[in-house]
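Here the structure is laid out as structure tokens; the discussion comes afterwards.
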Amino acid sequence: MRAPAVLSCCAQLGALDKGQEVHEYVRRTRPRPNVYLCTGIVDLYAKCGRVEVAREVFDACPEKNVFTWNALIVGLAMHGHGTVALDYFDRMLVEGFRPDGTTFLGVLIGCSHAGLVDTARRIFYEMQNNHGVPRELKHYGCMADLLGRAGLIDEAMEMISSMPMEADTYVWGGILAGCRMHGNNVEFAEVAARRLLELNPDDGGVYSAMAGIYADAGRWEDVARVRRSMDEMVGMRNVGRSSIAMELKDGIKMLS
Numbered sequence: 012m013r014a015p016a017v018l019s020c021c022a023q024l025g026a027l028d029k030g031q032e033v034h035e036y037v038r039r040t041r042p043r044p045n046v047y048l049c050t051g052i053v054d055l056y057a058k059c060g061r062v063e064v065a066r067e068v069f070d071a072c073p074e075k076n077v078f079t080w081n082a083l084i085v086g087l088a089m090h091g092h093g094t095v096a097l098d099y100f101d102r103m104l105v106e107g108f109r110p111d112g113t114t115f116l117g118v119l120i121g122c123s124h125a126g127l128v129d130t131a132r133r134i135f136y137e138m139q140n141n142h143g144v145p146r147e148l149k150h151y152g153c154m155a156d157l158l159g160r161a162g163l164i165d166e167a168m169e170m171i172s173s174m175p176m177e178a179d180t181y182v183w184g185g186i187l188a189g190c191r192m193h194g195n196n197v198e199f200a201e202v203a204a205r206r207l208l209e210l211n212p213d214d215g216g217v218y219s220a221m222a223g224i225y226a227d228a229g230r231w232e233d234v235a236r237v238r239r240s241m242d243e244m245v246g247m248r249n250v251g252r253s254s255i256a257m258e259l260k261d262g263i264k265m266l267s
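Every number in the working numbering is 11 more than the matching position in the sequence shown, counting from 1.
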């Protein structure tokens with residue numbers, strides 16, 4: 012198996028020790044590693060949280076491509092270094108590289124973790140309008156997560172209504188999590204809960220979140236109804252049934 016493939020496997024599995032052995036082998040045998048090896052090494056350290064080492068390797072790479080940049084930017088973003096990821100994104104543009112959907116995903120994740128709402132709005136707009144990169148479901152999911160974290164549920168719902176595709180569990184999950192975090196919109200939480208249960212009827216986390224949201228709002232009858240639905244779901248699982256009932260404000264919603 013070639014070294015880039017081994018590095019990719021180690022990165023995906025989080026097998027840092029084995030990946031470091033490959034890196035050491037490359038260092039001994041390839042004084043000037045090609046772009047594929049450099050990218051694999053950067054990806055290894057970035058995915059395993061060794062972001063400083065990833066940056067050192069990246070800066071020493073004699074050649075880079077968009078995948079090299081993506082490996083570092085996404086790794087930085089995923090491990091809480093959102094502002095640094097944005098710095099590398101700006102540098103990527105200055106050096107003439109064209110970002111792709113993965114680049115923007117990493118940047119938006121970084122904005123979400125760093126709470127950079129205005130920056131995320133700008134980048135979300137520019138990715139399609141300035142760079143010609145179409146927005147995909149995963150980008151909308153990041154924005155829903157970011158806006159939910161910021162308590163901007165109205166804005167997040169407006170974004171969902173304008174999406175050219177159906178929202179998935181990640182998008183609706185961002186809305187529900189935001190409502191749970193800020194406790195400021197029971198109505199939107201109910202919408203998100205219904206959508207999530209349509210997509211995954213066995214998601215017990217939805218029930219727990221709604222029970223907490225109702226409790227924060229002092230709606231104890233609704234809390235009791237949701238908890239009964241949770242008990243019913245457990246009972247149905249025990250007998251192998253897949254249809255569940257969730258009682259919300261407007262009655263019982265049967266989902267199959």
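Here a beta-carbon is modelled for each residue, glycine too, at the ideal position from N, C-alpha and C.
How would you label residue i, buried or exposed, when you count the other beta carbons within 10 angstroms and need 16 or more for buried?
i, result
"T79", "buried"
"E137", "exposed"
"E201", "buried"
"R252", "The predicted position of R252 is uncertain, since its pLDDT is 40 and thus under 50; a value taken from the coordinates is nonetheless stated next. The residue is exposed, with fewer than 16 neighbouring Cβ atoms inside 10 Å."
"S267", "Low confidence applies to S267: its pLDDT is 29, below 50, so where it sits in the model is not reliable, and the reading given next is rough at best. Exposed."
Consider the Cβ of residue i: report whether some Cβ of chain C lies at a distance smaller than 9 angstroms.
i, result
"I186", "Although the question refers to chain C, the structure presented lacks it and comprises just one protein chain."
Please state whether the Cβ-Cβ distance between residue i and residue j is less than 9 angstroms.
i, j, result
"Y47", "L27", "no"
"R206", "A178", "yes"
"V85", "G117", "yes"
"I164", "N195", "yes"
"N81", "T130", "no"
"P73", "T50", "no"
"V77", "F115", "no"
"V197", "R230", "yes"
Could you tell me the distance, in whole angstroms, from the CA atom of residue i to the CA atom of residue j?
i, j, result
"K260", "C190", "Note that K260 scores 44 on pLDDT, short of 50, meaning its location in the model is unreliable and no value can be drawn from it."
"V68", "I52", "7 angstroms"
"R61", "G25", "11 angstroms"
"I224", "C20", "41 angstroms"
"Q31", "P42", "16 angstroms"
"D214", "A204", "10 angstroms"
"D156", "T40", "44 angstroms"
"V237", "L97", "42 angstroms"
"N45", "H193", "49 angstroms"
"D101", "M89", "18 angstroms"
Candidates the options: which alpha carbon is nearest residue i's?
i, options, result
"W183", "E209, S219, H193 and V85", "E209"
"Q139", "A14, D111 and R160", "D111"
"I186", "V217, P175 and M176", "V217"
"M170", "G152, M103 and V33", "G152"
"L119", "V234, L87 and K58", "L87"
- Message: Check whether the segment 121-130 and the segment 139-151 are in contact - that is, three or more C-beta pairs closer than 8 angstroms.
- Response: no
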